[in-house]
Amino acid sequence: MTDQDTAQPVDVAAVVAEIEAEVARRRAAGEYPQDLLDRLAVEFHDVADERTSLEEMAHIETVRPLVSTRSRLAPAALFAKKVLRRAVAWYVKPIAEDQSRFNFALLHEVRSLRERVDRLDSAWSRPAGSPPREAGARGLELSAARLHILDTMLRDLPAGPVLVAWWADDALLQGLVSRGLPVETSTRDGAMALAARTAGARVHDVDPLAFLRDCGPTLGAVVAPGLLPMLTPSEALALVPLAAAALRDGGRVYFDAPDPAGPGVPADPSLIDPGFRRWVARDTVMLLCEAAGLREVTVHPVGTALWHAVTARRKT
Amino acid sequence: MRLAIVVPRYGPGIVGGAETLCRDYAERLRAAGHDVEVLTTCARDHFSWSNEFPAGTTLIEGVTVHRFPVTTAKDHGAVTMLHARLDAGFKLDAAGERRWVENTGFSEPMMEAIAAVARRVDAVLFAPYLFAATVFGARVSPQKSLIIPCLHDEAYARFGIVQETLRGVAGLIFNSAPERDLAARLLGDVLPRNHVVGVGFDEPGPLDPAWWRRRTRVDGDLVAYAGRREIAKNFPLLLQWMTAYDEGLSHCGPATLLAMGSGEVRAPGSARDVVRDLGFVSQHEKLEAFSASVATAQLSLNESFSYVLMESWLAGTPVIVHAACDVTRTHCAESGGGLWVRDAETFAAALDRLRADAALRARMARAGDHYVRTHYSWPAVLSRLEQAVRDLSA
């Protein structure tokens, strides 16, 4: 190697590019032992995770390592500290134990609460054993009233599937399919998927929010009857903009919910449907649609029931 | 110029990048004929903040140092609670942020001293950004305050109380251009006037890698690491990649990782044959270890400058850094002295390339050395620092 060799400048970006190309080639050829990388990722997981666990923090130690910065007097100072520590232990230790017990009880409660919140946040499925009874008003054929609104709304759709993001009554799905619309649904609920397939709809086996997030602007319409009262606030806030973004230009959305301001409304929305968690006012739905950039936001009464529907259109 | 430097801990034996930087600045500025005094606390340790040094005025390497006692004793319970919130990904409210900062060595008498000293100096320099000495101290006389933030992309940098301080001072002095870009992202359109200065380096002196190898009894190809051996510096990731290299990714046989610095090397069984733990070593020994290695690896993402890169280049060794760290990647791209990698496979391929190609290694080391001497020699850095202080305090 001469001085001239080492004096040449190095294009390190080109070297890095060569290395990355080489790695890509070897990956494509399956030359890397993936089991080795997977195993090491697990082995080093504990090494990397230096965050103190809540359990460790909850447990209070009355003993700390004793140190002294005095070089000559260190042994005496340490001895004195040990004596002091033992002398006060009868008083300090029970207090620390009480506090640890309290911390663990609190931690247990926090964990239970977290599990409850996770459960509430996770499921978009029909409450077990609950037949669809969301109408809440006997004698009303809610699906027929919805189809009446949808007949008008879905007349001038752009090409693309009609995604039914939720339904309580299979008659709605059957009615839409029988009108010749390309109906699709997205659900992880086995019973709902079976009902949808039986009705002649195409089923995507993913959570509706995840589907809307990934499908791109391909849909002709998003129909979500009775869905908003079932959602957590964060899901409800996410749903409308995701639905708007998933529509083709000119596509439509449909949401409906029982009207909390109507006469004779029960105090608890779960008395209308066991899956309902909260009231969703028509103003709230309109606001969500407008905030998502949708146009032609319109409110419709749903038959003679206490329900209202909000429809809107995407126009760029 | 008459200057004051405020730093929470100061003196020989105090470890930390910003603390070392302040000491270097103070001593070099004084040697260049400027009137410099340092205001600091009596604390030695930034975990306990207990007052270990006596309060009062002393002379350290010719620099006048005023020490003030920490008057807000650290509330360990409160800090643990706040840390738990931050670790869990929550933000602190304004009261929580204030409480956190107050627990980082707050000294009431030092605030009074800053007010007094600001009247008689041209500028007061504060470093680093996240301690009470800076967050509260720079608000005492903001029109004379210049902050050297040594900024990292971390939760504390998003504290409202920190950002208000950074926005309100006369100027900011950054260690690198990517650090300035990070500040612009964090502070938005209201980035105060600023300069990029950086850190200076001296000649490393004669290094004898062969003698160091004999004395340390290490054989084969070495990869050096120096710094805190902890997750914040991505040290566990380096251990993992070196182990993967050793167990199957290498095309040139095994290599040994030399781990130098503070902190415990927590390695699972599979990594124990790969790493040689040298513990805390002297500056000269560190440079000799660099010079005996085929590469120095620095995978940390939390860097505002990175001393290690410059020291490695001065010792004649190229570096390998993480592609996701703007600061270290920019140093490598601008100098031609280092390669950046994204995962275990590219790390292995880069290391193989350096081990197999001695000419490339030498050229990269030379390019890095040239970069340090051009941009980070002490005369160059001091000249930029003097210019920055003149501009920003005008």
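Residue numbers (our numbering), protein chains in the order written: chain A, 1 to 316; chain B, 1001 to 1394. All C-beta atoms, glycine included, are put in the ideal place defined by N, C-alpha and C. Values in this document were obtained by computation on a predicted structure and should not be read as measured data.
- Under the three-pair Cβ rule at 8 angstroms, the region 1230-1238 of chain B counts as touching the region 1298-1312 of chain B.
- Less than 7 angstroms divides the Cβ of B/D1075 from the Cβ of B/N1103.
- A/A305 and A/A145 do touch by the CB rule: their CB atoms are close to 7 angstroms apart, below 8 angstroms.
- Nearest neighbour of B/Y1371 by Cα position, chosen from B/S1312, B/L1392, B/R1353, B/V1341, turns out to be B/S1312.
- In this structure, B/A1132 sits near B/F1106, with a CB-CB distance shorter than 7 angstroms.
- Less than 7 angstroms separates the beta-carbon of B/S1306 from that of B/T1328.
- Counting along the chain, A/A145 sits inside the alpha helix (DSSP H) bounded by residues 142-153.
- When Cβ pairs closer than 8 angstroms are counted between the two stretches, the region 233-251 of chain A is seen to touch the region 276-291 of chain A, the count reaching three or more.
- Looking at B/L1146, B/L1258, B/R1180, B/A1359, the one whose alpha-carbon comes closest to that of B/A1271 is B/L1258.
- Non-local C-beta neighbours of B/A1026 in its own chain, meaning closer than 7 angstroms and more than five positions away in sequence, comprise I1005, V1036, V1038, V1063, ordered along the chain.
- Within chain B, the residues E1345 have their CB atoms less than 9 angstroms from the CB of A/R27, given in chain order.
- Unbroken beta strand (DSSP E) runs of no fewer than 3 residues, entirely contained in the region 1185-1250 of chain B, are found at 1194-1196, 1222-1226, following chain order.
- Taken atom to atom, the span from the alpha-carbon of B/I1060 to that of B/R1228 is near 26 angstroms.
- For the beta strand (DSSP E) assignment, the uninterrupted runs of no fewer than 3 residues enclosed by the region 1061-1136 of chain B are, from N- to C-terminal side, 1063-1068, 1123-1126.
- With respect to chain B, the C-beta atom of A/F211 has no partner C-beta closer than 7 angstroms.
- Here A/A14 is exposed. Its C-beta has fewer than 16 other C-beta atoms within 10 Å.
- Taking C-alpha positions only, B/G1168 is separated from A/L288 by approximately 38 angstroms.
- Here DSSP, grouped into helix, strand and coil, assigns B/L1382 to helix.
- Comparing alpha-carbon positions, the option among A/D283, A/L194, A/G264 lying closest to A/H300 turns out to be A/D283.
- Here the C-alpha atom of A/E18 lies approximately 35 angstroms from the C-alpha atom of B/R1217.
- With a cutoff of 7 angstroms on beta-carbon distance, B/I1173 and B/A1388 are scored as near each other.
- Counting C-beta pairs closer than 8 angstroms gives fewer than three between the region 1006-1014 of chain B and the region 302-316 of chain A, which falls short of the contact rule.
- In the DSSP assignment, B/E1052 falls outside any alpha helix (DSSP H) and carries neither an H nor an E.
- As far as DSSP is concerned, B/A1032 takes part in no beta bridge.
- The way I'd put it, the region 1246-1253 of chain B does touch the region 28-37 of chain A; three or more beta-carbon pairs between them come closer than 8 angstroms.
- Secondary structure at B/S1141: coil, using DSSP grouped into helix, strand and coil.
- Among the residues of chain A, none has a CB under 8 angstroms from the CB of B/R1009; the nearest is roughly 15 angstroms distant.
- B/I1161 and B/A1094 have their C-alpha atoms roughly 7 angstroms apart.
- Contacts between A/Q99 and chain B, judged by CB atoms closer than 7 angstroms, are missing: the closest CB pair is about 10 angstroms apart.
- Around the C-beta of A/I95, fewer than 16 other C-beta atoms lie within 10 Å, and the residue is accordingly described as exposed.
- Taken residue by residue, none of the region 78-111 of chain A has a beta-carbon sitting less than 9 angstroms from a beta-carbon on chain B.
- Chain A has no Cβ within less than 7 angstroms of the Cβ of B/S1141.
- For A/R282, DSSP assigns no beta-bridge partner whatsoever.
- Within 8 angstroms of the CB of A/P233, no CB atom of chain B is found; the nearest one sits about 18 angstroms away.
- In the structure shown, B/W1313 falls within a helical segment according to DSSP collapsed to helix, strand and coil.
- Boundaries of the beta strand (DSSP E) harbouring B/I1005: 1002-1006, taken from the DSSP string.
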